[in-house]
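**Q** Below you will find the structure I want to go over with you.
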Amino acid sequence: MDKDEKIDKKSKIEDLEEFREYPEGKELTTDQGVKVSHTDDSLKAGERGPTLLEDFHFREKITHFDHERIPERIVHARGAGAHGYFECYEPMSEYTMAKFLQEPGKKTPVFVRFSTVAGFRGSADTARDVRGFATKFYTEDGNYDLVGNNIPIFFIQDAIKFPDLIHSVKPEPDNEIPQASTAHDTFYDFVVSAPETTHMIMWALSDRAIPRSYRMMEGFSVNTFRFVNSKGKGRFIKFIWKPLLGVHSLVWDESMKLGGEDPDYHRRDLYDAIDNGNYPEYELYVQMIEEEDEHNFDFDILDPTKHWPEELIPPKKIGKLVLNRKPDNFFAEVEQVAFCPGNVVPGIDFSNDPLLQGRLFSYIDTQLIRLGGPNFHEIPINRPLAPVHNNQRDGYHRHTINTGKTSYFPNTLGDNCPKPVPREEGGYVHYMEKVEGKKIRDRSEKFKDFYSQARSFYNSMSEPEKQHIIRAFHFEVGKVESKEVRQKMVDQFANVDKGLAVAIAKGVGVSPPSNGADSSTADNFPSFSMENTVKNTVKTRKVAILAENGFNYDEIVKVKDALKDAGANSEIISMYLGMIKANNGQEIKVDRNYISTASTQFDAVYVPGGKESVDTLKKRGDVTHFVNEAFKHCKAIAAVSEGVDLLIESDITGFSTSKGEITSDKGVVTAIDNTQIKDFAKSFIDAIAMHRHWNRETKEDIPA
Numbered sequence: 129m130d131k132d133e134k135i136d137k138k139s140k141i142e143d144l145e146e147f148r149e150y151p152e153g154k155e156l157t158t159d160q161g162v163k164v165s166h167t168d169d170s171l172k173a174g175e176r177g178p179t180l181l182e183d184f185h186f187r188e189k190i191t192h193f194d195h196e197r198i199p200e201r202i203v204h205a206r207g208a209g210a211h212g213y214f215e216c217y218e219p220m221s222e223y224t225m226a227k228f229l230q231e232p233g234k235k236t237p238v239f240v241r242f243s244t245v246a247g248f249r250g251s252a253d254t255a256r257d258v259r260g261f262a263t264k265f266y267t268e269d270g271n272y273d274l275v276g277n278n279i280p281i282f283f284i285q286d287a288i289k290f291p292d293l294i295h296s297v298k299p300e301p302d303n304e305i306p307q308a309s310t311a312h313d314t315f316y317d318f319v320v321s322a323p324e325t326t327h328m329i330m331w332a333l334s335d336r337a338i339p340r341s342y343r344m345m346e347g348f349s350v351n352t353f354r355f356v357n358s359k360g361k362g363r364f365i366k367f368i369w370k371p372l373l374g375v376h377s378l379v380w381d382e383s384m385k386l387g388g389e390d391p392d393y394h395r396r397d398l399y400d401a402i403d404n405g406n407y408p409e410y411e412l413y414v415q416m417i418e419e420e421d422e423h424n425f426d427f428d429i430l431d432p433t434k435h436w437p438e439e440l441i442p443p444k445k446i447g448k449l450v451l452n453r454k455p456d457n458f459f460a461e462v463e464q465v466a467f468c469p470g471n472v473v474p475g476i477d478f479s480n481d482p483l484l485q486g487r488l489f490s491y492i493d494t495q496l497i498r499l500g501g502p503n504f505h506e507i508p509i510n511r512p513l514a515p516v517h518n519n520q521r522d523g524y525h526r527h528t529i530n531t532g533k534t535s536y537f538p539n540t541l542g543d544n545c546p547k548p549v550p551r552e553e554g555g556y557v558h559y560m561e562k563v564e565g566k567k568i569r570d571r572s573e574k575f576k577d578f579y580s581q582a583r584s585f586y587n588s589m590s591e592p593e594k595q596h597i598i599r600a601f602h603f604e605v606g607k608v609e610s611k612e613v614r615q616k617m618v619d620q621f622a623n624v625d626k627g628l629a630v631a632i633a634k635g636v637g638v639s640p641p642s643n644g645a646d647s648s649t650a651d652n653f654p655s656f657s658m659e660n661t662v663k664n665t666v667k668t669r670k671v672a673i674l675a676e677n678g679f680n681y682d683e684i685v686k687v688k689d690a691l692k693d694a695g696a697n698s699e700i701i702s703m704y705l706g707m708i709k710a711n712n713g714q715e716i717k718v719d720r721n722y723i724s725t726a727s728t729q730f731d732a733v734y735v736p737g738g739k740e741s742v743d744t745l746k747k748r749g750d751v752t753h754f755v756n757e758a759f760k761h762c763k764a765i766a767a768v769s770e771g772v773d774l775l776i777e778s779d780i781t782g783f784s785t786s787k788g789e790i791t792s793d794k795g796v797v798t799a800i801d802n803t804q805i806k807d808f809a810k811s812f813i814d815a816i817a818m819h820r821h822w823n824r825e826t827k828e829d830i831p832a
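Residue numbers (this note's numbering): 129 to 832.
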C-alpha cells in the first residue's frame, strides 16, 4: 500500500480480496496446481489390491485433512466474528495522537470477535459466562487491538494468578466435567480462597453473564490504559462500547434451554442480523482521569477488580462501530485472527495495571504455538493495512519474500534501511513515566479492599436483578459437592450483604451467617443496573405468531405490517410447514413448526383471532407450553378476539382483559374485538420494547 493511499471502511475487505478463492467454474487441482482427473478412488494395485504409496493426490488430500485443526484458544475458544468500520465523531487531538481519532467522519475498518471464556469450541453460546468483545482497528498507524469483555472488571488483580483461575474454572481434571460451566467445586474453592474475586462473582452471577445477543451487550477495556497527546501529556483511560439497542439479557431457564435447542444462538443471531441489513451498532465511550487525580478515589484505578463508576468518571462519546459483513470463511478469519492488548498505536499507551502487564506478554506467547510460529501477523486477517518493513526474517509460514543483503540495523550496505522514524513523523515513543521502587511481590493497600464495590453493585440492582443473582447462587453453589466450600461461600458473601448471604445459605443447605454487611449503606450507581438501559425500540426483535387454518387474515397482516414498520421481525408458527388458509380463503406461508422451534427463540408471542384456528390451538399441548413458557420468561404476549380464549385457557395468570377496550397488563396485551387493531399493535410494540415484564409475581407457578 502506498504511503499516501487513504484507508477507509472498505480497505480491509479489499485487502483480503487477493486471498479469496472462488470455486465457481474452476477445475480441480492439487496444491501444486496439477489438474486432478479422479478423486473418488485411491490408486490401487488392481480393483481389490492395496493402495499405492505413489498416489500423490491421495497423500496430499489425507495429509492436509489430518492437519486441518489448530489448537483452540485456551480461553475464548467459542466465538463469532464480523467485519465493519469505526467512525470517529469528533477530533480527539487534545487527548491522543491516535490518527484514527482525529477526523470527524473518518471511517476505519475493523474486525470484531465475540466469545465466551470458559467453554471449548463446541460449547453452547448461551452458557453463563463472561463474553469477550475484541476489536481490531486497521489504522494507518498500524493495527490497534481493543481487547475487552462485556463485564468491566475481572476476577483477579495480577496476571500471575491467571493460570490458577483458568485451571479452577475449566472442567475438573479427573473427569473432564463440567463443560462451559463454573458450577463446580474447584472454581468455588478458588473463589473462597481468593476473596479478590468477590466483586467479579457478583457481576458474573448477574444477568450480564447471559446476554440476549452480542448486539445487546456492552464491551469494556477492563484494564487501565493511557491516552497521550502530541505534547506528551498522558491521561488514564478506560473504554466502553455501548450498544444502540440497549443492554438486555436472557433469563436463566431460557439460556439453559437454548443451549440444547440452539447452541449457536448468539452466532446465528449475529449473522442473521447482518444478512437482514440490521447491522449491529455500538458507540465508543472513553473515561478519562487526569494523572494528578490518580489517587483521588477510594479505589485504586489500576486495580482490574474495580469498576470506574460512570457517575464518578463520566464517559465521553467519541465514535461508532458498525458491523456490516460476515466472514467469508470462519476458520481463515474468526479462528485465525490474533488479538493482543500490546498492539497499540501512537497516542495509546499502557498503565501499570498488573493484570494488563501480564496480558502484554501472554497473548503473543499464546499465538506462537496456536498459529504455528512468529509469522502469524502475515495471515491475511491479521495483516495491517499500514506498510510493514523491518528486519524480522524467516520462521514458520513466512509469506514475505525479503530482498536485499541486509537484515540488521545499523548497516551501510543498505543505507540503514528500514530506518527508525522520529516521533514527529509518527514513530511510536513510549510514555515517559517516572518509575522507582524496591523489587517486591505485593500490591497496594487499596487493592486489598475486596468488598466495597461488590456492595455497591448489589445495592445498585433492581429487585428482580437481586432475585436473579440469588437464584444464580443457588444454581452455581448448589452444584458444589463440598459442604465446606458452600459454607465458605456464604461466609464470604456476608461481607457483601448479610441478607444476600442468608438467602444463599437457605438455597444451598448450609448455616446462615450471624453477622454481615448491609449493602443498603453503600453507594448506589444506576449505571450498574441493566434496568436503566434503552427500552424505546423493538428493532430486530423476533415475534412468534401462532396460527392454524381459519385464522383472521386481515388482522394478521395489519399486525405483521405494524411490527415490520417498527423494525421487528415476525414468523408464523404452525403445526406443519407449508401453507395455512385464512377464514377468507387467503393463504399464508408457515415459517416454523413447533418441533423445530420454541418460545425461547422469540422475544414476544402473538395469538390472532379466528375461531377455527384458535379451537385447533387450544387442543395442542405444545401450543399451551409455548404460551406458558413465554409468560414464565416475562416476555410480551398479545392476543385479539378468539385468541384471548387461548390465553385464558392456558396456565398464565395475573393479567386482566376488558371488553371493548385494549388492555395491557403485566406485558399481556389483549383486545376482545379487532376493530382497534392499529392501537392494539402499538400497545403490543410498546410492551415488547420493555424487553421483560418482571412484575409477573406468579410466573414461577407456570408449568413450563
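We treat Cβ as the ideally placed atom computed from N, Cα and C, and that holds for glycine.
(1) What is the residue span of the beta strand (DSSP E) that H211 lies within?
(2) Below 8 Å CB to CB, which residues in the same chain sit around K444 once its five sequence neighbours on both sides are set aside?
(3) In whole angstroms, give me the CA-to-CA distance for I338 and I716.
(4) Does DSSP put T744 in a helix, a strand or coil?
(5) Where does T752 sit, in a helix, a strand or coil, going by DSSP?
(6) Helix, strand or coil: which one does DSSP assign to Y316?
(7) Just the Cα atoms here: how many angstroms apart are E770 and C762?
(8) When burial is assigned at 16 or more other CB atoms within 10 Å of the CB, is K131 buried or exposed?
(9) How should A173 be labelled, buried or exposed, when 16 other C-beta atoms within 10 angstroms of its C-beta is the threshold for buried?
(10) With a 10 Å radius around its C-beta and 16 neighbouring C-beta atoms as the bar for buried, classify E346 as buried or exposed.
(11) Closer than 7 Å by C-beta to V638: which residues in its own chain qualify, once you throw out the five before and the five after it? Chain order, please.
(12) For a quick check, are the C-beta atoms of D342 and F242 less than 7 Å apart?
(13) What does a CB cutoff of less than 8 Å around S584 pick up in its chain, not counting 5 residues either side in sequence?
(14) Using three-state DSSP, classify N452 as helix, strand or coil.
(15) Rounded to whole angstroms, what is the Cα-Cα separation between E553 and P232?
(16) Less than 8 Å between C-beta atoms, sequence neighbours within five positions excluded: which residues of the same chain meet that for P442?
(17) When DSSP builds the beta bridges, which residues end up paired with T263?
(18) Count the other CB atoms, across all protein chains shown, that sit within 10 Å of the CB of N823; report buried if there are 16 or more and exposed otherwise.
(19) How many whole angstroms separate the CB atoms of S727 and V733, which I take to be in contact at a CB cut-off of 8 Å?
(20) Could you check if C545 is buried or exposed, using at least 16 other CB atoms within 10 Å of its CB as the buried criterion?
(21) With a threshold of 6 Å (Cβ to nearest heavy atom), would T158 be considered close to the ligand MG?
(22) Tell me which residue opens and which closes the alpha helix (DSSP H) that L180 is part of.
(23) Whose C-beta lies closer than 8 Å to the C-beta of K533 among residues of the same chain, with five residues either side of it excluded?
(24) Going straight from the alpha carbon of K385 to that of P391, what length do you get?
(25) If the criterion is Cβ atoms closer than 7 Å, does the pair S349 and G276 meet it?
(26) Can you list, in chain order, the stretches of the beta strand (DSSP E) that have 3 or more residues and sit fully within the segment 771-802?
(27) Excluding five sequence neighbours on each side, which residues of the same chain lie with their C-beta closer than 6 Å to the C-beta of D273?
(28) Quick check on the DSSP output: the alpha helix (DSSP H) that includes N697 runs from which residue to which?
(29) Looking at C-beta atoms only, is the number of pairs between the segment 278-289 and the segment 222-232 that lie closer than 8 Å three or more?
(30) Count the other CB atoms, across all protein chains shown, that sit within 10 Å of the CB of V796; report buried if there are 16 or more and exposed otherwise.
(31) In chain order, which alpha helix (DSSP H) runs of at least 4 residues are fully inside the segment 618-682?
(32) Tell me where the beta strand (DSSP E) around G388 begins and ends.
(33) What are the uninterrupted segments assigned as alpha helix (DSSP H) that are 4 or more residues long and contained completely in the segment 479-523, given in chain order?
(34) According to DSSP, is Q160 part of a helix, a strand, or is it coil?
(35) Does the structure place the segment 245-262 close enough to the segment 200-209 that three or more beta carbon pairs sit under 8 Å?
(36) Within the same chain, show all residues whose beta-carbon is closer than 6 Å to that of I597, passing over the 5 residues directly before and after it, in chain order.
**A** With the given structure in hand:
(1) Membership of H211 in the beta strand (DSSP E) is indicated by the continuous run 206-216.
(2) Leaving aside the five residues that flank K444 on each side, the residues in its chain whose CB is nearer than 8 Å to its CB run, in chain order, Y413, V414, Q415, M416.
(3) Distance from the CA of I338 to the CA of I716, rounded to the nearest whole angstrom, comes to 35 Å.
(4) Three-state DSSP puts T744 in a helix.
(5) Three-state DSSP puts T752 in a helix.
(6) Y316 falls in the helix class under three-state DSSP.
(7) In a straight line, the C-alpha of E770 is about 23 Å away from that of C762.
(8) Because the pLDDT at K131 is just 48, under 50, the model does not fix this residue reliably, and the value given afterwards should be weighed accordingly. The residue in question, K131, is exposed, as its Cβ has fewer than 16 Cβ neighbours within 10 Å.
(9) Counting the other Cβ atoms within 10 Å of the Cβ of A173 gives fewer than 16, which makes it exposed.
(10) Residue burial is scored here from C-beta neighbours: E346 has at least 16 other C-beta atoms within 10 angstroms and is therefore classed as buried.
(11) So the list reads K611, R614, Q615, V618, once near-sequence residues are dropped.
(12) Just to set this straight, residue 342 is Tyr in the shown sequence, not Asp. Contact flag set, yes.
(13) Answer for S584: P437, S647, A650, D651, N652, F653, F656, listed in chain order.
(14) Strand at N452.
(15) Going by the C-alpha atoms only, they are around 22 Å apart.
(16) Setting aside the 5 residues that flank it on each side, P442 is surrounded in the same chain by Q415, each with a C-beta closer than 8 Å to its C-beta; the list follows chain order.
(17) Note: T263 sits in a beta bridge opposite V240, L274.
(18) Exposed, since its Cβ has fewer than 16 Cβ neighbours within 10 Å.
(19) Confirmed, about 6 Å.
(20) Counting other Cβ atoms within 10 Å of its Cβ, C545 stays below 16 and is therefore classed as exposed.
(21) With respect to small molecules bound, the structure shown includes none, and the ligand MG cannot be examined in it.
(22) Taken as a continuous stretch (DSSP letters only), L180 belongs to no alpha helix (DSSP H), as it is neither H nor E.
(23) If we look at K533 and ignore the five residues flanking it on each side, its Cβ neighbours are L541, G542.
(24) Their backbone Cα atoms lie some 9 Å apart in a straight line.
(25) With a cutoff of 7 Å on beta-carbon distance, S349 and G276 are scored as near each other.
(26) Runs found: 790-793, 796-799.
(27) Same-chain partners within the cutoff: K264, F467, C468, N471.
(28) That residue, N697, is in no alpha helix (DSSP H); its beta strand (DSSP E) goes 697-702.
(29) No, they do not touch.
(30) Buried, because 16 or more other Cβ atoms sit within 10 Å of the Cβ of V796.
(31) With a minimum length of 4 residues, the continuous alpha helix (DSSP H) runs that stay inside the segment 618-682 are 626-636.
(32) Where G388 is concerned, there is no enclosing beta strand (DSSP E), although the alpha helix (DSSP H) it sits in stretches over 380-389.
(33) Listed in chain order, the complete alpha helix (DSSP H) runs (minimum 4 residues) inside the segment 479-523 are 482-498.
(34) In the structure shown, Q160 falls within a coil segment according to DSSP collapsed to helix, strand and coil.
(35) Touching, yes.
(36) Closer than 6 Å at the Cβ level, and outside the excluded window around I597, lie L333, S334.
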